[in-house]
Structure formats: structure tokens, C-alpha cells
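Residues -22 to -1, 1 to 135, numbered by mature numbering (1 follows the signal peptide of the UniProt record, and there is no 0), are exactly what the sequence shown covers, in order.
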Amino acid sequence: MVAMINTSTFLCILRRSTVAGAVVAAAVVVGPASANKDPVTPKQLKLYQEAFMEEVRKGDLLFHGDAAMAEQLGVKLSTTGWACAMCHPMASDTHPHAFPKFQQSMAKFATLRDMINWCIEKPNQGEKIDPESEAMKALEAYITWSNTGSVLVPGKY
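Next up, the structure:
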């Protein structure tokens, strides 16, 4: 009976490894998923860039305290009269490329969106915004665009 259990266990392991091996072999032969692998045409790229720059424009206005844009997007980023740009002119010292990371001022591992909301709530005494909102995406787009070309130096910021 001991030999039977060992043989049974061995056959079970063999079947599992055969199935796993077949899955790996299929992945190698077929290759990665082909979703979104079609080449982007210059016309599509232009449309994508225009859409991104529209979000950057909205984020720029929000970042610099434009009340009309804040109202349009339904957010209250400050009750102090301060704008993000007062501490971070042209999004300087925001380092979006360094996130996610442990953020000492928050005492937790944070995303860029967490940090944006922390700044809105703490120094600006505004109202936290939905991380999936158009306003958050616009602020994130502006901050990222403003820091294009920045070099990631882990632990520096």
C-alpha cells in the first residue's frame, strides 16, 4: 500500500507538471497577448497627443489655482487661497517618476494620487478629490508632463 501511495502521488505530480509544462510551451509558441499590438498610425498618435495635452491644460489651470476650472470639474482644492504652484512652481519638486514610494510626511507607502490629495487636504485645506476623477487625472497629467525627462534616483526624493 505504501508503494501504491507513492506511485499515486508520483503520477499526480507528473500530471500537474505536464499540464504546467504544456501551458508554458503554449505561451512560448503563441507569444504574448496581441491586444493593442496594432501599429499606431501618425493620425492616431496626433489624436492621442491632443487628448493628453488637453488634460495637461486642465491640470495646469487647476495646479495654478484657476477657480473656473475647479468649479467646472467640481473640486475645491484650497480654502487658504493657495494653489499647488505656490509651493511647486511649474510642478517643480513633485517627482512623479518616484512614485509609488514610502512617503515620510504621510508615514505610509503612497501613490502620486495619495500625495496630491495629501497636499490638497493638509497645506491647502481643500477637499480630497476622487482618485479616479477627471480633476485627479488632469493634475497627474500636468505634473507628469511638467517633469518629462526627469531622471529617477530611488531614495533621493
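By construction, the Cβ of each residue, glycine as well, lies at the ideal position given by its N, Cα and C atoms.
*Alpha carbon to alpha carbon, how far is ALA69 from GLY59? Give it in angstroms, no decimals.*
18 Å
*SER56 burial status per 10 Å Cβ neighbour count (16 or more: buried)*: buried
*Pull up the distance between the alpha-carbon of SER111 and that of PRO74, whole angstroms please.*
18 Å
*At a Cβ threshold of 7 Å, is LYS134 touching chain D?*
The chain inventory of the structure shown lacks chain D, comprising one protein chain alone.
*Given a threshold of 16 other Cβ atoms within 10 Å of its Cβ, counted over all protein chains shown, does LYS36 qualify as buried or as exposed?*
buried
*For ASN95 and ALA119, the rounded distance between their alpha carbons*: 15 Å
*Kindly indicate which three-state DSSP category ALA76 falls into: helix, strand or coil?*
helix
*Taking all protein chains shown into account, do 16 or more other C-beta atoms lie within 10 angstroms of the C-beta of VAL53, making it buried, or fewer, making it exposed?*
buried
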